[in-house]
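Notes follow the structure.
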Amino acid sequence: MPVYVNDNGTLRECDDGVYVNDNGTLRTITTIYVNDNSTLRTIHVSRLNDPDMSVSTTGTDAGNVVANIHSDGTYTTFDDGVEESSGTWLNYGAAGDYEIFVTGTGDDPGNTDEWIALDTDPAWQISAPADGTNQFNGTFTIRDIATETTYSSGSVSLSATRFGV
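Residue numbers (my numbering): 11 to 175.
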């Protein structure tokens, strides 16, 4: 369930977590309570955001595309070494509490079809062939290692095309 804030009449989604300033210390809020007609109800803040796992490159000098999930709670995708997207996947907790499973079809980007701890900075990479396309399409699931509860899932799309060489 997303959390929203009224920003001077504009409703904005808090997609990087919810925080409070506690006397100069920024603290993450993991549980919010609301008064629902005199009944105290709990609203849980999402532990994880879905990382962007899609990137492609095309051209005469196309090289490779990479999707990384970092142990500091961030993710990045790269097109020939240039950052294409980045963000935060972990709102609170430790990366070592989670693992990822990536599966799909196409060319092998590495690190597929097995659970990988997210404190190991896993990456998935596709390189362009001499002429043509290499690609991988699939899904990812992120779960809590201890409880095996799934907290995030989505699609993976990596594609590298070189032509006119």
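Cβ coordinates follow ideal geometry from the N, Cα and C atoms, glycine included.
Simplified DSSP state of residue i, which is helix, strand or coil
i: Gly142; result: strand
i: Ala133; result: strand
i: Gly174; result: coil
i: Ala77; result: strand
i: Ala127; result: strand
i: Gly106; result: helix
Anticipated Cβ contact below 8 Å, residue i with residue j, distance rounded
i: Phe88; j: Asp117; result: That pair is no contact at about 17 Å.
i: Thr67; j: Asp90; result: 6 Å
i: Asn101; j: Thr38; result: 7 Å
Pick from the options that is closest to residue i, judged by C-alpha positions
i: Ala105; options: Thr67, Ser81, Asn121 and Val15; result: Ser81
i: Gly148; options: Ala72, Asn33 and Thr115; result: Thr115
i: Ile110; options: Ala138, Val15, Gly34 and Asp129; result: Asp129
i: Trp134; options: Thr113, Asp123, Asn78 and Gly164; result: Asn78
i: Gly103; options: Pro119, Ile155 and Ser95; result: Ile155
i: Val166; options: Thr157, Val112 and Ala127; result: Val112
i: Thr122; options: Ser95, Phe150 and Ser96; result: Phe150
i: Leu168; options: Val44, Thr159, Val76 and Ala127; result: Val76
i: Trp99; options: Asp131, Gly120 and Glu124; result: Asp131
Own chain, CB closer than 6 Å to residue i, minus 5 neighbours either side, in chain order
i: Ser162; result: Leu58, Asp60 and Ile152
i: Asp46; result: none
i: Thr160; result: Thr151 and Arg153
i: Ser95; result: Asp62 and Thr87
Cβ shell of residue i (< 7 Å), same chain only, five flanking positions each side left out
i: Glu93; result: Thr86
i: Ser137; result: Gly73, Asn74, Asn144 and Ala170
i: Gly83; result: Thr98, Trp99, Leu100 and Ala105
i: Pro119; result: Trp134, Gln135, Ile136, Phe146 and Leu168
i: Val30; result: Arg37 and Ile39
i: Ile126; result: Glu109, Ile110 and Pro132
Environment of residue i [buried if 16+ CB atoms lie within 10 Å]
i: Arg22; result: exposed
i: Tyr108; result: buried
i: Asp62; result: buried
i: Val65; result: buried
beta-carbon residue i near the ligand MG non-hydrogen atom, thresh 6 Å
i: Gly120; result: By its list of ligands, the structure shown contains no ligand whatsoever, and the ligand MG lies outside what it can speak to.
Residues of its chain near residue i, where Cβ-Cβ distance is below 8 Å and the 5 sequence neighbours each way are ignored
i: Gly142; result: Thr171, Arg172 and Phe173
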